[in-house]
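For the sequence shown, the positions run 0 to 289 when numbering that gives the first Met the number 0 is used. Worksheet: the structure to be examined is printed underneath.
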Amino acid sequence: MLPKYAFIVLLVVGTLTPSSAVAQVQPAKQPAAAPPAAAPSYRYWTTDWSLDDVDIGDLVIKLRTIGIQLPLELKGQATVDFRVSVPLNALRTARAYRINGSLVVRDLVADRLRFDLVRADVVLKDGQLLLNQLRCIEQIDREASESATADNAGKPVQDRATENSGTVVGTATAQLIPQGDFKADLKTHNLPLGPIAKLLARFGFSDGHDTVAGSLTTDLALSGRVDEIRQPQRWKIAGDFTASGLRRGDEDGFDLATTGFRWAENQLDVSELRIDSVQRPGFFVAASGK
């Protein structure tokens, strides 16, 4: 016979032993995620800004009154045709303003860049600036360009490029409110180095005082932060370019062509590079690397 308390011991042990009959513990329910906040609802009143051949500084001041700060100092004469949507129930919210229209600027100086003519379709929405159909023109031969301008007097100012013109075309975007990133896809053709000599000085290609001659034809993608837009050495640049008749001061001239060009974090990578001497035809150097 079992000891006196054996039955009680077996009963207790059986109670403590897990079995498939034991109910599973259900995990606690997590609170439901809060729905995303609804986008602000604005009531708009639309007005036209039509300015003809005014100092671009006047346009900068008008933009500043609605809280839009441009990251570059600009000079030149502007012709503007904008439709401006004003948020009646959020007048102090700069990001809520919207602009759509066209801009033409003569003799533009933007930081250290200079162009005879700049044209773009402009869109500003949700604090982001978009420049479509961007076209910049710089005349190489002033006498030829003046003659061509007289011949093309009946044409719109943005169409008066000549065979002596250097051009930049493409698109660009910049997050202005709040400040974020910018990017641009640009193609240049026969662009004279004179207008960008000071910009090249920031990369060490010129001291900013030498006479820099030559022209650039490029297909480039640029990107960076808006608050660093005046520090091109901090940009990311990638693409292909050729430089014709490149010369600094009294140095011998040369032609340069590169593919797979990339500049980032102060480092230059080149897939293929060829330099041809202008003074000694047939003499060239080919290289690749960092």
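Beta carbons are placed, not taken as given, at the ideal position from N, Cα and C, and that holds for glycine.
Where does residue i sit, in a helix, a strand or coil, going by DSSP?
i      : result
ASP174 : According to the sequence as given, residue 174 is Gln; it is not Asp. GLN174 falls in the strand class under three-state DSSP.
PRO292 : Because residue 292 is not part of the residues shown, which for the chain are 0 to 289, the question remains open.
ASP150 : Legend: pLDDT at ASP150 = 46, less than 50; position of this residue unreliable, value from coordinates given subsequently. If DSSP states are grouped into helix, strand and coil, ASP150 belongs with the helices.
GLN230 : coil
ILE55  : helix
LEU71  : coil
ARG273 : strand
ARG63  : helix
ARG111 : coil
ARG91  : coil
THR258 : strand
GLN157 : Only weak support exists for where GLN157 lies, its pLDDT of 43 falling under 50; the value from the coordinates is given anyway. Correct three-state label for GLN157: helix.
How should residue i be labelled, buried or exposed, when 16 other C-beta atoms within 10 angstroms of its C-beta is the threshold for buried?
i      : result
THR64  : exposed
LEU90  : exposed
VAL53  : exposed
ARG82  : exposed
LEU290 : What is shown of the chain runs 0 to 289, which leaves residue 290 out entirely.
GLU137 : buried
VAL117 : buried
ILE60  : exposed
VAL104 : buried
LEU62  : buried
THR46  : exposed
ASP115 : buried
LEU192 : buried
TRP262 : buried
PRO231 : buried
GLY281 : exposed
What are the partner residues of residue i, as DSSP defines its beta bridges?
i      : result
GLY43  : The question names Gly, but residue 43 is Tyr in the sequence shown. For TYR43, which the question treats as bridged, DSSP gives the partners PRO86.
GLU137 : GLY165
LEU123 : ILE98, LEU128
LEU50  : VAL79
VAL211 : ARG247
ASP239 : ASP218
LEU116 : ARG105, ILE136
LEU192 : Answer is none; LEU192 lacks a bridge partner.
GLY317 : Lying outside 0 to 289, the shown extent of the chain, residue 317 is not represented and no answer is given.
Hey, out of the options, whose CA is closest to residue i's CA?
i      : options                        : result
ASN189 : ALA173, VAL211, LEU215, PRO177 : LEU215
ILE228 : ALA212, ASN131, ASP251, LYS182 : LYS182
THR301 : ILE55, ALA237, LEU255          : Residue 301 lies beyond the stretch modelled for the chain, which goes from 0 to 289, so this question has no answer here.
GLN266 : ILE236, PRO39, SER276, THR45   : ILE236
ASP239 : SER276, ASP249, GLY169, PHE260 : PHE260
GLU72  : THR170, GLY179, ILE98, VAL108  : VAL108
ASP254 : ASP268, SER276, LEU185, GLY281 : SER276
GLY252 : VAL211, ARG134, LYS124, ILE67  : VAL211
THR310 : ASP180, ASP184, ILE176, PRO231 : No answer is possible for residue 310: the residues shown for the chain start at 0 and end at 289.
ALA173 : GLY75, GLU250, ARG279, ASP125  : ASP125
ASP51  : GLY75, VAL167, THR187, CYS135  : GLY75
GLY213 : SER40, PRO231, TRP234, GLU250  : GLU250
SER49  : ARG273, ASP57, ASP80           : ASP80
VAL167 : LEU112, SER40, LEU128, GLN230  : LEU112
ILE98  : ALA263, ASP110, PRO70, LEU58   : LEU58
TYR41  : LEU69, PRO70, LEU87            : LEU87
SER164 : TRP234, SER101, THR187, LEU69  : THR187
LEU128 : VAL284, LEU102, ILE274         : LEU102
Between the segment 242-255 and the segment 219-231, do at least 3 Cβ pairs fall closer than 8 angstroms? Contact fails between the segment 242-255 and the segment 219-231, because fewer than three Cβ pairs, one in each stretch, are under 8 angstroms apart.
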